[in-house]
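Residues in the sequence shown are numbered from 1278 upward in steps of one, following the numbering used here.
Just so you know, even glycine gets a beta-carbon here, dropped at the ideal spot from N, CA and C.
Source: prediction; values computed, not measured.
This report concerns only the one structure given below.
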Amino acid sequence: MTTRSNFGSSVSKIPVPVGIAVVAVLVVLVSWWGYHTLAPPPPLLPVAGTPESELTHYLKQKAKECQGNFTQLSAKDQQEVNGKSRGMGQTVMRSYWGDMK
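Set out below in C-alpha coordinates:
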(Lines of atoms letter the chains of each structure in order from A and count residues from 1; the text may use other names and numbers.)
(Lines give C-alpha, C1' and ligand atoms only; values in the text may rest on other atoms or scores of the structure.)
Protein backbone atom coordinates (compact mmCIF):
# COMPACT_ATOMS: atom_id res chain seq x y z
CA MET A 1 0.00 0.00 0.00
CA THR A 2 1.51 3.30 -1.03
CA THR A 3 0.42 6.71 0.03
CA ARG A 4 0.88 9.89 -1.88
CA SER A 5 1.75 13.19 -0.35
CA ASN A 6 0.08 16.27 -1.76
CA PHE A 7 2.63 18.54 -0.10
CA GLY A 8 4.26 19.76 -3.31
CA SER A 9 1.13 20.18 -5.35
CA SER A 10 -0.42 23.03 -3.36
CA VAL A 11 2.74 25.20 -3.22
CA SER A 12 2.93 27.86 -5.93
CA LYS A 13 6.28 28.23 -7.64
CA ILE A 14 8.20 31.49 -7.85
CA PRO A 15 8.86 32.68 -11.41
CA VAL A 16 12.53 32.46 -12.46
CA PRO A 17 12.99 36.22 -13.09
CA VAL A 18 11.69 37.01 -9.59
CA GLY A 19 14.10 34.50 -8.07
CA ILE A 20 17.02 35.98 -10.00
CA ALA A 21 16.03 39.50 -8.89
CA VAL A 22 15.81 38.45 -5.23
CA VAL A 23 19.24 36.79 -5.39
CA ALA A 24 20.73 39.87 -7.10
CA VAL A 25 19.31 42.19 -4.42
CA LEU A 26 20.68 39.95 -1.67
CA VAL A 27 24.14 39.92 -3.29
CA VAL A 28 24.11 43.73 -3.52
CA LEU A 29 23.01 44.13 0.11
CA VAL A 30 25.59 41.67 1.44
CA SER A 31 28.33 43.33 -0.64
CA TRP A 32 27.36 46.80 0.61
CA TRP A 33 27.24 45.61 4.23
CA GLY A 34 30.62 43.89 3.92
CA TYR A 35 32.24 46.94 2.35
CA HIS A 36 31.01 49.30 5.06
CA THR A 37 31.81 46.86 7.86
CA LEU A 38 35.27 45.76 6.74
CA ALA A 39 36.54 48.93 5.03
CA PRO A 40 39.24 50.84 6.93
CA PRO A 41 38.09 53.96 8.77
CA PRO A 42 38.96 57.39 7.40
CA PRO A 43 42.35 58.72 8.50
CA LEU A 44 42.31 60.55 11.84
CA LEU A 45 45.45 62.59 11.31
CA PRO A 46 45.62 65.34 8.71
CA VAL A 47 47.45 64.52 5.51
CA ALA A 48 50.74 66.34 4.93
CA GLY A 49 50.19 69.60 3.11
CA THR A 50 46.68 70.24 4.44
CA PRO A 51 46.10 73.30 6.61
CA GLU A 52 46.05 72.77 10.38
CA SER A 53 42.77 72.87 12.20
CA GLU A 54 42.13 75.60 14.76
CA LEU A 55 42.39 73.01 17.53
CA THR A 56 45.78 71.75 16.36
CA HIS A 57 47.04 75.31 16.00
CA TYR A 58 45.83 76.17 19.53
CA LEU A 59 47.41 73.06 21.07
CA LYS A 60 50.73 73.68 19.31
CA GLN A 61 50.69 77.28 20.54
CA LYS A 62 50.16 76.09 24.13
CA ALA A 63 52.91 73.48 23.72
CA LYS A 64 55.28 76.23 22.61
CA GLU A 65 54.26 78.41 25.60
CA CYS A 66 54.98 75.68 28.14
CA GLN A 67 57.86 74.10 26.18
CA GLY A 68 56.20 70.71 26.45
CA ASN A 69 55.90 70.85 30.25
CA PHE A 70 52.18 70.71 30.94
CA THR A 71 52.60 71.75 34.58
CA GLN A 72 53.96 75.16 33.52
CA LEU A 73 50.55 76.13 32.13
CA SER A 74 48.12 77.98 34.38
CA ALA A 75 45.35 75.94 35.99
CA LYS A 76 42.82 77.50 33.61
CA ASP A 77 44.95 76.64 30.57
CA GLN A 78 45.55 73.10 31.85
CA GLN A 79 41.82 72.59 32.23
CA GLU A 80 41.16 74.02 28.76
CA VAL A 81 43.89 71.92 27.11
CA ASN A 82 42.67 68.78 28.89
CA GLY A 83 39.12 69.50 27.76
CA LYS A 84 40.10 70.03 24.13
CA SER A 85 42.42 67.00 24.06
CA ARG A 86 39.94 64.73 25.88
CA GLY A 87 42.06 64.34 28.98
CA MET A 88 45.36 63.81 27.16
CA GLY A 89 46.76 67.33 27.70
CA GLN A 90 50.11 66.30 29.16
CA THR A 91 50.74 63.73 26.42
CA VAL A 92 49.67 66.13 23.66
CA MET A 93 51.89 68.93 24.96
CA ARG A 94 54.89 66.61 25.16
CA SER A 95 54.20 65.22 21.68
CA TYR A 96 53.71 68.59 19.97
CA TRP A 97 56.77 70.04 21.69
CA GLY A 98 58.83 67.06 20.53
CA ASP A 99 57.62 67.64 16.96
CA MET A 100 58.72 71.30 17.11
CA LYS A 101 62.32 70.57 18.11
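Requested in this report: Check whether the Cβ atoms of residue 1345 and residue 1374 lie closer than 7 Å to each other.
Outcome: Closer than 7 Å, so yes.
Query raised in the report: Can you tell which of 1370, 1293, 1299 and 1294 has its C-alpha closest to the C-alpha of residue 1333?
Result: Closest option to residue 1333, Cα to Cα, is 1370.
**Report entry** Range covered by the alpha helix (DSSP H) that runs through residue 1338
**Finding:** For residue 1338, the uninterrupted alpha helix (DSSP H) run begins and ends at 1331-1343, by DSSP.
Query raised in the report: What number of angstroms, rounded off, separates the C-alpha of residue 1366 from the C-alpha of residue 1356?
Result: If you take the alpha carbons of residue 1366 and residue 1356, they lie about 9 Å apart.
Query raised in the report: Hey, residue 1358 and residue 1341 are a contact pair by Cβ (cut 8 Å); roughly how many whole angstroms apart?
Result: With a Cβ gap of about 13 Å, residue 1358 and residue 1341 do not count as contacting.
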